[in-house]
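Visitor: In this note's numbering, the protein residues as written are 952 to 1336. The C-beta atom is built at its ideal place from N, Cα and C for all residues, glycine as well. Questions regarding the structure given below will be posed in turn.
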C-alpha cells in the first residue's frame, strides 16, 4: 500500500487503508504500508515504511515524501511484492508506479476522492491547478493495471479524462461488529450532558469547507431554535471549526449544538448509537464512508442527492435524499424528528441493507478478486500521455 497520507491523519482514505490492511492480513496476505514521515509520530505497526519528507506549508499533515533514498527502496526490493496498491496519483504514488514498472510489478490504484472539489486548498490560480490536476490524473491512471472505484459514479469522470484502463467497483467495507448498534445508548448522552429522551441529530467527519457544513447549520437553525429537545452533535475537527462555532454563538444555539471534537475511531460507533438521525450535507463524496458506518449503526440518513450517498441510501426506505436546498433539507430532518418510530424503522432497514452491500467480508472478496485479475492480466503499456 502506497499512500500520500497516513496516521496520524484521520480521513476516509486512511480509514479505507486500515480496513483493507486489517482484513487482508486476517486472510493471510502479507502487506507493507509506504507513507511519508510525520514529525513526532511513531507507528505501532512495524510494517509501516516511513519515508523522509519535507513539510507542506499549505497542508502540514500532508508532507511531501522524498522517495529516492536507497534504504527504503531496498526494503521493497527485499519484500518483492506481487502488487502495489496506491491510494492517490500525486508525487509518491507516481514515483512508486515508475519504481514498480521497472521491476515488472503490477500496480493498481483506488480513485478515492473528487480532488477537483478541493482546489480551494491550492495556492495557485484555479484554472492552472485544474489543468495540472487533470493532466496528472490522466497520465497516472492510464499506466495502472486497474483503477478501483469506491463509487461507480466516478467511472464517467475517468473516461472523460481519456483513461481507458480497466476499472472495478470495489467499495470500502465496514466491520459489522465494530459498527453495530451499542447496547448502552445513554453513555454518550450522559458524557455530553444531553437528555436521555432528547432527539439527537449527528454529523461525523472533518469540519472542512468541502463538507458543506455552513449549509447544514443554516438549514437546521430554525429546527433547533423551535423544536424542543432536539440537538445537533458534530463529531470531528478541522479548519472551519472556529467559523462554525462563531455562527452557533451568533444564532443562539450554544445549548443546542455540541462540538464533540475528533474522537478515537473505536468510539465513533458509540456516538452514532447514541443518536437518532445522521445528517450528511456534502456534495463532493465518492463513497461517503461515514454514511455507510452510520447505516451500520442503524441510523436513518438525511443527505443531499449527490455522489456516493445517493447510491448507498434508498430514498424513503433507509433515509431521505434532498436537493441542495436548505428548506428541503430541514424539512426532511424535521420529518424524522417528529416521527421517531419511522426513523427507527428506517434505521433498522439501513443496517440490514448496509450489511448486505458493504460488509467487510463481501468487500474484501471483491478487493481480492480485483488484485487477482490485475496480477494475472497481460502487462499494459499505455504511454501515459
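Enumerate in chain order the residues of its own chain whose CB-to-CB distance from residue 976 is below 7 Å, with the five nearest sequence positions on each side excluded.
Guide: 982
Visitor: So, with DSSP's three-state summary, where would you put residue 1183?
Guide: strand
Visitor: Going by the CB atoms, is the gap between residue 1164 and residue 1232 shorter than 9 Å?
Guide: yes
Visitor: List the DSSP bridge partners of residue 1231.
Guide: 1254
Visitor: May I have the straight-line CA-CA distance separating residue 1070 from residue 1156, to the nearest angstrom?
Guide: Any answer about residue 1070 is weak, because its pLDDT of 45 lies below 50 and its placement is not dependable; what the coordinates show is given next. Rounded to whole angstroms, residue 1070 to residue 1156 spans 19 Å at the Cα level.
Visitor: For residue 1212, which residues from the same chain have a beta carbon less than 6 Å from its beta carbon, with the 5 sequence-adjacent residues on both sides left out?
Guide: 1188
Visitor: Sorted by chain position, which residues of the same chain lie with C-beta nearer than 6 Å to residue 1271's C-beta, five sequence neighbours on each side aside?
Guide: 1253 and 1283
Visitor: If we call anything under 9 Å between Cβ atoms a contact, is residue 1288 one with residue 1279?
Guide: no
Visitor: So for residue 1310, helix, strand or coil by DSSP?
Guide: The DSSP-derived three-state label of residue 1310 is strand.
Visitor: So what does DSSP say about residue 1082, is it helix, strand or coil?
Guide: helix
Visitor: Among residues of its own chain, excluding the 5 on either side of residue 1091, which ones have a beta-carbon nearer than 8 Å to its beta-carbon?
Guide: 1040, 1044, 1045, 1048, 1060 and 1335
Visitor: Please return the same chain residues whose Cβ sits closer than 7 Å to the Cβ of residue 1238, not counting the five positions on each side in sequence.
Guide: 1101, 1102, 1122, 1123 and 1259
Visitor: Look at the alpha carbon of residue 1302 and the alpha carbon of residue 1273, and state the distance between them as a whole number of angstroms.
Guide: 21 Å
Visitor: Using a Cβ-Cβ cut-off of 7 Å (strictly less than) and excluding sequence neighbours within five positions of residue 1170, which residues of its own chain qualify?
Guide: 1277, 1280 and 1281
Visitor: Mark residue 1298 as exposed unless 16 or more other C-beta atoms lie within 10 angstroms of its C-beta, in which case mark it buried.
Guide: buried
Visitor: Between the C-alpha atoms of residue 1333 and residue 1136, what's the straight-line distance to the nearest angstrom?
Guide: Caution applies to residue 1333, whose pLDDT of 49 falls short of 50 and renders its modelled position unreliable; the model cannot decide the point.
Visitor: Just to confirm my understanding: we take residue 1167, look at its own chain, exclude 5 residues before and 5 after, and list those with CB closer than 7 Å. What are they?
Guide: 1154, 1230 and 1232
Visitor: Within its chain, find whatever has a CB closer than 8 Å to the CB of residue 955; leave out the 5 residues flanking it on each side and keep chain order.
Guide: 986, 987, 1013, 1016, 1038, 1039, 1041, 1042, 1043 and 1044
Visitor: Relative to the C-alpha of residue 1119, which candidate in 1011, 1085 and 1109 has its C-alpha closest?
Guide: 1109
Visitor: Per DSSP, which residues does residue 1212 bridge with? Please list them.
Guide: 1186
Visitor: Which residues in the same chain as residue 1318 place their Cβ atom closer than 6 Å to its Cβ, once the five residues preceding and following it in sequence are excluded?
Guide: 1121
Visitor: Taking Cβ positions, are residue 1209 and residue 1143 nearer each other than 9 Å?
Guide: yes
Visitor: What separation, rounded to the nearest whole angstrom, lies between the Cα atoms of residue 1265 and residue 1308?
Guide: Between the alpha carbons of residue 1265 and residue 1308 lies a distance of about 12 Å.
Visitor: Does DSSP put residue 1130 in a helix, in a strand, or in coil?
Guide: coil
Visitor: How is residue 1261 classed by DSSP in three states: helix, strand or coil?
Guide: Of the three classes helix, strand and coil, the one that applies to residue 1261 here is helix, per DSSP.
Visitor: Can you name, in chain order, every residue of its own chain whose Cβ lies under 8 Å from the Cβ of residue 1114, other than the five neighbours on each side?
Guide: 1088, 1089, 1092, 1093 and 1098
Visitor: With distances taken Cα to Cα, identify the nearest neighbour of residue 1173 among 1161, 1203, 1007 and 1310.
Guide: 1203
Visitor: Classify residue 1086 as buried or exposed, calling it buried when 16 or more other Cβ atoms lie within 10 Å of its own Cβ.
Guide: exposed
Visitor: Can you look up residue 1004 in the DSSP assignment and give me helix, strand or coil?
Guide: strand
Visitor: Just tell me which of 1008, 995, 1220 and 973 has its CA closest to the CA of residue 1129.
Guide: 1220
Visitor: Would you identify the three-state DSSP class for residue 1266, choosing helix, strand or coil?
Guide: strand
Visitor: Using alpha carbons as the reference points, say which of 959, 1050, 1010 and 967 lies closest to residue 1024.
Guide: 1050
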